[in-house]
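To keep things clear, I will list the structure first and then write my remarks on it.
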Amino acid sequence: MDTLSQSQVLEILDRVMKDITNRIVTIQSSDKTPPLCPNDSCTVYTTFEGGYRATLTLCVDSNLLLHLAQTSMQEENVSAEDLEDFAKEYFNVICGQVAARLFQAAHISSRFQIPTFETGCYTPEETSQELVLNYTSNRNEGAQLIHKAPSEEQNISDHTTKE
Numbered sequence: 001m002d003t004l005s006q007s008q009v010l011e012i013l014d015r016v017m018k019d020i021t022n023r024i025v026t027i028q029s030s031d032k033t034p035p036l037c038p039n040d041s042c043t044v045y046t047t048f049e050g051g052y053r054a055t056l057t058l059c060v061d062s063n064l065l066l067h068l069a070q071t072s073m074q075e076e077n078v079s080a081e082d083l084e085d086f087a088k089e090y091f092n093v094i095c096g097q098v099a100a101r102l103f104q105a106a107h108i109s110s111r112f113q114i115p116t117f118e119t120g121c122y123t124p125e126e127t128s129q130e131l132v133l134n135y136t137s138n139r140n141e142g143a144q145l146i147h148k149a150p151s152e153e154q155n156i157s158d159h160t161t162k163e
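Structure below.
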């Protein structure tokens with residue numbers, strides 16, 4: 001099994017985030033941390049297991065998430081329950097693509113848990129490595145994709161694919 005550098009992981013995450021999201025609304029990478037207010041943001045997160053262990057978290061401006069849901073569902077009025085369901089499914093697609101690209105790039109077989117939804121900016125457990133990608137929509141709404149993993153020695157390098 002091959003290993004991946006941090007820059008390769010970032011490239012996979014960035015490409016997947018843009019590929020999936022830009023099918024719905026336009027986003028671009030940003031060097032600036034988006035102003036995500038606790039009352040005006042949502043978080044979806046999951047944990048990858050298997051050959052690749054990490055927590056992936058998406059903190060997103062509530063207006064951006066609503067715009068994504070409205071565009072995808074082709075509905076102007078989206079209930080709070082529908083918004084949560086959409087957020088989980090949207091993130092599920094992102095995570096599925098990340099898992100597929102990890103396998104394509106380095107034959108790392110992994111799976112992820114069902115995404116969890118929280119209101120506000122929530123970041124699960126502290127870990128030794130954190131990679132953050134910032135995004136801005138064409139309507140100046142922000143999002144952050146946060147990748148947290150154990151130290152590299154505990155993650156990819158010491159796992160082998162047994163399938």
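Going by UniProt numbering, the residue at position 89 of the sequence shown is 89; the numbering climbs one at a time, nothing skipped. Ideal placement from N, C-alpha and C gives every residue a C-beta, glycine not left out.
Fill in: Of the residues T26, V44, L131 and F86, the one placed nearest F112, counting alpha carbons only
Taking the first residue of the sequence shown as 1, we reach residue 112 at position 112. Of the candidates T26, V44, L131 and F86, the one whose C-alpha sits nearest the C-alpha of F112 is V44.
Item to complete: Using beta-carbon positions only, say whether L56 and L13 come within less than 9 Å of one another.
Response: As a working note, residue 56 is residue 56 in the sequence shown. As a working note, residue 13 is residue 13 in the sequence shown. Their beta carbons are under 9 Å apart, which means L56 touches L13 by this criterion.
Discussion item. Quick check: the Cα distance between C42 and S30, rounded to an integer number of angstroms?
Written reply: Looking up residue 42 in the sequence shown gives position 42. Looking up residue 30 in the sequence shown gives position 30. Taking the straight line from one Cα to the other gives about 19 Å.
Practice prompt. For T116, collect the residues of the same chain with a Cβ closer than 6 Å to its Cβ; drop the 5 residues on either side in sequence, then sort them by chain order.
Written response: On the sequence shown, position 116 is the one that residue 116 refers to. These residues qualify, in order along the chain: Y45.
Discussion item. What does the alpha-carbon distance come out to for the pair E76 and F91?
Written reply: If you number the sequence shown from 1, residue 76 lands on position 76. If you number the sequence shown from 1, residue 91 lands on position 91. Cα-Cα distance, rounded: 21 Å.
Fill in: Nearest to L131 (by Cα), restricted to the options L102, H147, G142 and E141
Along the sequence shown, read from residue 1 onward, the residue named residue 131 stands at position 131. Checking every option, the nearest Cα to that of L131 belongs to H147.
Discussion item. For the alpha helix (DSSP H) containing residue 164, name the first residue and the last one.
Written reply: What is shown of the chain runs 1 to 163, which leaves residue 164 out entirely.
Worksheet item: Got a sec, what are the start and stop residues for the beta strand (DSSP E) S110 sits in?
Response: By 1-based counting over the sequence shown, the position of residue 110 is 110. Residues S110 to F112.
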